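Participant:
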Amino acid sequence: MSEEIVSELMRAHVYRLASTGQRVDGRRLDEPRKVSVARSFVKTAEGSARVKLGNTDVLVGIKMSVGEPYPDTPNTGVLSTSVELIPMASPTFEAGPPRPDAIELARVVDRGIRESKMVNMERLCITPKEKVWILFIDIHVLDYDGNLFDACSYGAVAALSSTIAPAKGQGLGDDFPLPVEHWPVSVTTAKIKDLLLVDPSLDEERMADARLTVTTDENGDIRAMQKGLSGSFTYEEVKRIIETAQRVGRDIRPLLQSS
Amino acid sequence: MSEEIVSELMRAHVYRLASTGQRVDGRRLDEPRKVSVARSFVKTAEGSARVKLGNTDVLVGIKMSVGEPYPDTPNTGVLSTSVELIPMASPTFEAGPPRPDAIELARVVDRGIRESKMVNMERLCITPKEKVWILFIDIHVLDYDGNLFDACSYGAVAALSSTIAPAKGQGLGDDFPLPVEHWPVSVTTAKIKDLLLVDPSLDEERMADARLTVTTDENGDIRAMQKGLSGSFTYEEVKRIIETAQRVGRDIRPLLQSS
Amino acid sequence: MSEEIVSELMRAHVYRLASTGQRVDGRRLDEPRKVSVARSFVKTAEGSARVKLGNTDVLVGIKMSVGEPYPDTPNTGVLSTSVELIPMASPTFEAGPPRPDAIELARVVDRGIRESKMVNMERLCITPKEKVWILFIDIHVLDYDGNLFDACSYGAVAALSSTIAPAKGQGLGDDFPLPVEHWPVSVTTAKIKDLLLVDPSLDEERMADARLTVTTDENGDIRAMQKGLSGSFTYEEVKRIIETAQRVGRDIRPLLQSS
Amino acid sequence: MEDIEHIEKEMKLINSDGRRLDGRSFDELRPIRIEAGVLRRADGSAYIEWGGNKVLAAVYGPREAHPRHLQDPARALVQCRYNMAPFSVSDRKRPGPDRRSVEISKVISEAFSSVVFKEQFPRTSVDIFIEVLQADAGTRCAGLTAASVALADAGVPMRDLVTSCASGKIDDVVCLDLNKDEDNFGDADCPMAIVPRTGDVVLLQMDGHLTYDEFQKAMGLSIDATKRIYEMQRDALRRRYSVTLEDILKEAPPAAAPVEPEPEQPREDDFGPEGI
Amino acid sequence: MEDIEHIEKEMKLINSDGRRLDGRSFDELRPIRIEAGVLRRADGSAYIEWGGNKVLAAVYGPREAHPRHLQDPARALVQCRYNMAPFSVSDRKRPGPDRRSVEISKVISEAFSSVVFKEQFPRTSVDIFIEVLQADAGTRCAGLTAASVALADAGVPMRDLVTSCASGKIDDVVCLDLNKDEDNFGDADCPMAIVPRTGDVVLLQMDGHLTYDEFQKAMGLSIDATKRIYEMQRDALRRRYSVTLEDILKEAPPAAAPVEPEPEQPREDDFGPEGI
Amino acid sequence: MEDIEHIEKEMKLINSDGRRLDGRSFDELRPIRIEAGVLRRADGSAYIEWGGNKVLAAVYGPREAHPRHLQDPARALVQCRYNMAPFSVSDRKRPGPDRRSVEISKVISEAFSSVVFKEQFPRTSVDIFIEVLQADAGTRCAGLTAASVALADAGVPMRDLVTSCASGKIDDVVCLDLNKDEDNFGDADCPMAIVPRTGDVVLLQMDGHLTYDEFQKAMGLSIDATKRIYEMQRDALRRRYSVTLEDILKEAPPAAAPVEPEPEQPREDDFGPEGI
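Chains as they are written, first to last, in this note's numbering: chain U, 4 to 262; chain E, 4 to 262; chain R, 4 to 262; chain L, 100 to 375; chain X, 100 to 375; chain V, 100 to 375.
(1) Use the C-beta contact count for K217 (chain V): other C-beta atoms within 10 angstroms, 16 or more gives buried, fewer gives exposed.
(2) Assess contact between the stretch 115 to 124 of chain R and the stretch 41 to 54 of chain R, defined as three or more Cβ pairs (one per stretch) separated by less than 8 Å. Is contact present?
(3) If you scan the stretch 220 to 275 of chain L from start to end, which runs of the beta strand (DSSP E) of 3 or more residues do you find wholly inside it?
(4) Output needed in chain order: residues of the stretch 187 to 203 of chain L with a Cβ under 8 Å from some Cβ in chain E.
(5) Between the Cα of E208 (chain R) and the Cα atoms of R:G234, R:K46, R:E184 and R:V111, which residue gives the shortest distance?
(6) Using DSSP's beta-bridge definition, name the partner residues of D190 (chain L).
(7) Of the residues L:L277, L:I147 and L:E163, which one's Cα is nearest the Cα of A157 (chain L)?
(8) Taking DSSP as the reference, what is the three-state secondary structure of L336 (chain X)?
(9) Return the CA-CA distance between Y181 (chain V) and V214 (chain L), expressed in angstroms with no decimal places.
(10) Have a look at S83 (chain R) and L138 (chain R) and give me their C-alpha separation to the nearest angstrom.
(11) Is it the case that the Cβ atoms of C128 (chain R) and P77 (chain R) are separated by a distance below 9 Å?
(12) Residues of the stretch 77 to 98 of chain E with a CB closer than 9 Å to any CB of chain X: list them in chain order, please.
(13) If you run the structure through DSSP and keep just helix, strand and coil, what is S165 (chain U)?
(14) Let's test the definition: count the other Cβ atoms within 10 Å of the Cβ of D235 (chain L) and tell me whether it reaches 16, buried, or not, exposed.
(15) Between which residues of its own chain and R174 (chain V) is the CB-CB distance below 8 Å, once the five residues before and five after are set aside?
(16) Output, in sequence order along the chain, the residues in the stretch 304 to 324 of chain X whose CB is closer than 8 Å to any CB in chain U.
(17) Could you check whether the stretch 232 to 249 of chain E touches the stretch 324 to 336 of chain L, counting it as contact only if at least three pairs of C-beta atoms, one from each stretch, sit closer than 8 Å?
(18) Is the Cβ of E281 (chain V) closer than 9 Å to any Cβ of chain R?
(19) Please check if any C-beta of chain E sits within less than 9 Å of the C-beta of R333 (chain X).
(20) Rank R:V111, R:V183 and R:M13 by C-alpha distance to the C-alpha of E221 (chain R) and give the top, closest one.
(21) In the DSSP assignment, the alpha helix (DSSP H) including Q170 (chain X) goes from what residue to what residue?
(22) May I ask you to report which of helix, strand or coil DSSP gives N152 (chain L)?
(23) What are the partner residues of L199 (chain U), as DSSP defines its beta bridges?
(24) Starting from the beta carbon of V38 (chain E), find every residue of chain X whose beta carbon is closer than 9 Å, and list them in chain order.
(25) So, helix, strand or coil for L215 (chain U), using DSSP?
(26) So, are the CB atoms of H168 (chain X) and I225 (chain U) less than 9 Å apart?
(27) For R337 (chain L) and I203 (chain L), I'd like the C-alpha separation in whole angstroms.
(28) Taking Q304 (chain V) and P290 (chain V) to be in contact with their CB atoms under 8 Å, please state how far apart those CB atoms are, rounded to whole angstroms.
(29) Taking only three categories from DSSP, how would you classify I207 (chain X)?
(30) Which residue marks the beginning of the beta strand (DSSP E) containing F139 (chain U), and which one marks its end?
(31) Going along chain L, which residues have a C-beta under 7 Å from M228 (chain E)?
(32) So the candidates are V:A317, V:F228 and V:I293; which of them puts its Cα closest to the Cα of I269 (chain V)?
(33) Quick one: is D259 (chain L) near chain E, going by C-beta distance under 9 Å?
(34) So, for H156 (chain R): in the same chain, excluding its five sequence neighbours on each side, which residues have a beta-carbon less than 6 Å away from its beta-carbon?
(35) So T237 (chain U) contacts chain X; which residues on that side make the cut at Cβ distance below 8 Å?
(36) Would you list, in sequence order, the uninterrupted beta strand (DSSP E) runs of no fewer than 3 residues that lie entirely inside the stretch 106 to 136 of chain X?
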């Protein structure tokens, strides 16, 4: 628990450094950490990707099965996103049902994918009102060093883009790659006092006042946003954060697309 | 918690007053509080009623859907009653799965309705053994100032009597009002030492030794009873309580029937 | 809780006695307690048995119903084993969902029956891929005086061997006894320092370093094993324990078979 | 299942000669057999067979209440857990408490709360466990009656035993102690529990349809029956404790001196095919 | 259900004259009615009707936080529980929190955390309960707006009220305050909450598809609307407290002096068929 | 699914030349690769690929045990949580522990309890986490073997590493280290874990059908294999710690001096498409 108390001294140090445009790990304020993507890590999954964002490490597996559509969307496949914050990844994570943190995380990742229409879910309808593909995105956080929103989102996007639907095993014709049509990229910014830091590390995240995640697509359009933590943003800050998210998103997108 | 400790002084005061036939709020010992009923408060429900019994305030919504009957009652609709003691209503209520108090409450309200045959459940059979109407009585306690047994029961009766079955939306002919045939009224009496107080307020309830709920129908016949708390009644007391419940029930019934 | 702390003195006493080949209750080291079996104790069950192993007392009921087979075993009935360590049986048992102890116990009993092919589960297939008999083994521990592994296993075997499948009530021809083909017997040995004690009593179990359960069939073949507790065995000890389990199993088997 | 409709319509629960389907008259109890002291680990226990019901009751305590924040600094908690074994009913019951069990546990806890001398044991709990092994209607009455004997067997100081019985209405006749068919197809059921020495009603529930007059008839039958059942409870304790308890039960148990079983009394270690 | 496909394709949400299906223009709020102090047990409460939404909010605290290990020795916890009644939506919602409710509870808790003077009440919790009784899109904004009034009614010291509103996009037009059909068949929804006096954004979520330009239009509409809603919040408090609070709200509430309702103020004990 | 019946009947798991379907002989292990120190937050970690299994193990502690009432004043608790990722098996596994995982967690906890010097760390817990990322039979052996390396990587003082392997019977032949098809269609499986230096058996389970003679053959194969796996465990630690640990592992680790990783040792921050 004491690990969770970041001393005011540390906070002052990070802030003083940041006011001169620097960060503890040498990045600029608007610079994300290095992103590494390894696809098809798990053979038992229909698609998978392991993503490192700095030292944050997540593994995402996609499973597909055939089931019923929701009554109000009879012509579209079903998407289900879960995040498990397994206790392996951090001394502060505990086993048990997902806590509000994990639920928010899963729902924000899910919205980025769903609202950007990344996967054409209508093409995952098999028989309207009766049979559709169900897509499970399971996100396993292995090592937590800050900014799970982006790491999990990158993992999900990369895993989906490597997914082959197992149609043959279901007697539904040939296996086919998921119909991916858009490329959402999530970029999270933390606010410490009056400074904005892109892709906060664990230490930065712990001392942040507020957080804003912005997911943009390949046109720079906004597909999802989520503000978090108990601080606030000015409207001007919100606009600056969106502009940064558009720019950083453009840099990261190719890393998720390349196979 | 200290709120829950009613001082012996208060108990002595209430008892002394009651031994002269009076109560703190000016009622006679066998006099219930004022009952107010507002029907059709909630448009998203098939029926609803908001009932105030003194300052106790409950909202009851009825939802109907089509489902399978229980195998041992293939010709009757299904009735399901839940009570949520939401933490809004009292500092002593907590979020979470229903505790024994809420379960007992829901089951006693349910028995009053079920055993009085208030709603003719056989007329809610659509196709024997296959399709029947399922009636959900959801009781939301908004403000708790004593005697939930009666407040919840009045709310359920009033809500049911305002319910229109959404048959048309299910392709089952015209919408129709629920077939209401009887009018159960629950009357709860608390015992403090050797005195019997009808419709106990919160303070009276807290210092009560025993409680007896008696539900009678429009003929004065008994349809359900439930004794509670760790004290006891003499048989003579039980009989007096039933007689009072019959009389008070006659007074309250019209309030629940009027629409 | 203090009840759970067995004094080192007691441990020293039991060990000293055992090094001369004796036990507190007069048994030899390789001698199980008396086994009593009462069949068909519960009329509401398809089969049942109450077994006492010394003062350990368990009641096992078998219920059968018709359901779907697992997709990967379309031609075999389904077996489901649960153990409830009800708080009646010991001051250390608590109400609530099964704890790891109860889960391990149920799984080890289940493996002994399943792996020995005691019941021919293929003969419990009604229509391949569609309808099979489901066999519920519910083990109720009534009085806990040590070695539940063997007591529960004996109860399950005896109850199964008295079970009559209620085919007639399901319109599936005449009732029939379960097709029992093998007779697994579980024998558990506890290790205290370097000594091995068969069928440990509660006091012996509390001070044991390690535990090994070996289930053998009527040919002396091994059908299931489970090592427990935080101590270890040498390979030589494992072999001695198996040989004892074969011998003791031969003595106990007739008690489970007789009806 | 095919014939339920038929049964519902045709079921005659009382013959032309006034006998019930199991041959009993309207005021006749099913056979009852009570045995005290049947478990070794529990501080007190009892087994009851009541018609087709087989119920086991056990008592632990007074013992330190857990978790601590539940402790009452002024008195003992009296807590009952009523539970049905999965195999005790015709359709297997999933393990764990359902809503019905939670309610029954609550009303039985309250019934015993009024007779246990709780003030003698602050911060403790008296835990009562009732396990229904085979059910045939009236399990709460059978369980309560057995638990009462188990409390005495555990030496928990009480004002008196509690005795329980139900009456109901079938084919418009008020009858004592309904069995399962009578409960399923009858018109009303009214379980109660009483402190026999004082007549105090400590449990009372009712569902169905009774006129006030019928209710009084039902209570009359039940009160009468509890006298007979009370004797059976005392007999069970007498058989277990030979002399001692009999003497004690003639008087009210002295509040400060819990009943102690004779330590030399051997417990039964075996049982016949019907016994427990 | 038969016609959903049809609806999805054909649904025109904006008429040729630029009016929405319920007759509103693109920058028009649904009717809003707020009432403060509607519950007796809660320390503060408010009821809001906002279009077809009916939402009740209550506040308890600052009170000792439970369980103890959650207490923060330096400040109060601000905890919100957003809940939908089972009958508040067209298909009955099972009781208990679903994942959506958990997320909404979290973001509302965070929104209020930035305005409550938490440091004045270490080891306590301020508990906010929002109950959606009837839902018609925008329940989180309605709940937040009502909870803000309930906090003031409870006398919890705050920097300012929080005011919430959403804008979205339907038929490619950026519109204020979507109703249920517009939310279901529209293209984007963007709920926000703001501290009106400072313009600080304390809640911001968005899903759908907005260009950066459209986002700024939506925020413009919402910010404008919060000014009107803020007045309604203040009116509700004025109606409840006549003079006192009105004076106070002209200034920032002094940090150390929680707003106290006038003790003589009678509460409404009754209501009409529409009211609460 | 159509052909399962067929498979069950026809599946030949051993060829006429004595080779298994994946080409191995009866006493041959699948390929094993172990890497130590692969996670940053955990105090110790290891990754293992064993045939088609991919398993990650992490260790935290000794750290203060939570909740407090579980603390043992005389020694550390050794607690393992074995978990399968939802995507690690062909049919998606629902998140959260099933009964199988609970049992495996228990027997692995017990296996490590006998080698960790628990008395040195009263009131603490040593928490071992095993995550199966891709499963192909033998996951508990792989997990235990990796966890052993993670414990050493965390510097937890132990009598020795624990090494695990299974043998079984397929087509009536006793074979080492069954893969998934062999496990599904074989006749017996017998996982064990051993302390290589002393030969102490700390985990032993078996299901299926083995004569006593076959059991001894299986144990012989497993014991022999653990010697080879033990070397791979030591190699993984040697690669991570160059010299230090190698020297230490030649001797028993001195009880009071936990193994410390060299602080300057950089951790891998990247990986190839196959690695972790």
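We put the beta carbon where it would ideally sit given N, CA and C, even for glycine.
Given the structure is predicted, the values throughout are model-derived calculations rather than measurements.
Facilitator: Let me spell this out:
(1) K217 (chain V) counts as buried, since no fewer than 16 other beta carbons sit within 10 angstroms of its beta carbon.
(2) Between the stretch 115 to 124 of chain R and the stretch 41 to 54 of chain R, the count of C-beta pairs closer than 8 Å stays below three; the two stretches do not touch.
(3) Restricting attention to beta strand (DSSP E) runs no shorter than 3 residues, the stretch 220 to 275 of chain L encloses them at 223 to 233, 262 to 269 and 272 to 275, ordered along the chain.
(4) Close to chain E, meaning a Cβ-Cβ distance shorter than 8 Å, are the following residues of the stretch 187 to 203 of chain L: R198, R199, V201 and E202.
(5) It is R:G234.
(6) In the DSSP secondary-structure assignment, D190 (chain L) is not bridged to any residue.
(7) Residue nearest to A157 (chain L) within the set L:L277, L:I147 and L:E163 is L:I147 (criterion: CA-CA distance).
(8) DSSP places L336 (chain X) in helix when its eight states are reduced to three.
(9) Taken atom to atom, the span from the alpha-carbon of Y181 (chain V) to that of V214 (chain L) is near 49 Å.
(10) If I take the Cα positions, the gap works out to 6 Å.
(11) Judged by beta-carbon spacing, P77 (chain R) lies within the 9 Å limit of C128 (chain R), meaning their Cβ atoms are closer than that value.
(12) Across the stretch 77 to 98 of chain E, CB contacts with chain X closer than 9 Å involve S85, E87, I89, P90, M91, A92, S93, P94, E97 and A98, in sequence order along the chain.
(13) Three-state DSSP puts S165 (chain U) in coil, outside helix and strand.
(14) It is buried - the Cβ of D235 (chain L) has at least 16 other Cβ atoms within 10 Å.
(15) K217, E218, F220 and P221.
(16) From the stretch 304 to 324 of chain X, only Q304, M305, D306, G307, H308, L309, T310, Y311, F314, Q315, M318 and I322 have a Cβ closer than 8 Å to chain U.
(17) No: fewer than three Cβ pairs fall under 8 Å.
(18) Interface annotation, E281 (chain V): not in contact with chain R, CB-CB separation never under 9 Å.
(19) By this cut-off, R333 (chain X) is not an interface position.
(20) Closest by alpha carbon: R:V183.
(21) Careful: Q170 (chain X) lies outside any alpha helix (DSSP H) and carries neither H nor E.
(22) N152 (chain L) carries a strand assignment under DSSP once its states are collapsed to helix, strand and coil.
(23) In the DSSP output, where bridge partners are listed per residue, L199 (chain U) has U:K194.
(24) At a beta-carbon threshold of 9 Å, none of the residues of chain X lie near V38 (chain E); the nearest stands roughly 11 Å away.
(25) In this structure, DSSP gives L215 (chain U) an extended state, which the three-state scheme calls strand.
(26) No.
(27) The straight-line gap from Cα to Cα measures roughly 29 Å.
(28) So it is a contact: roughly 5 Å between Cβ atoms.
(29) Three-state DSSP puts I207 (chain X) in a helix.
(30) First-last of the beta strand (DSSP E) with F139 (chain U): K134 to D146.
(31) Chain-order list of chain L residues neighbouring M228 (chain E): L303, Q304 and M305, by C-beta distance under 7 Å.
(32) Ranking V:A317, V:F228 and V:I293 by Cα distance to I269 (chain V) puts V:A317 first.
(33) It does not: the Cβ of D259 (chain L) has no partner Cβ on chain E nearer than 9 Å.
(34) The question names His, but residue 156 (chain R) in the sequence shown is Ser. Taking S156 (chain R) as the centre and dropping the five residues before and after it, the same chain places the C-beta of V112, G115 and S189 closer than 6 Å to its C-beta, in chain order.
(35) By Cβ distance, chain X contributes G298, D299 and V300.
(36) Unbroken beta strand (DSSP E) stretches of 3 residues or longer found wholly inside the stretch 106 to 136 of chain X: 131 to 135, given in chain order.
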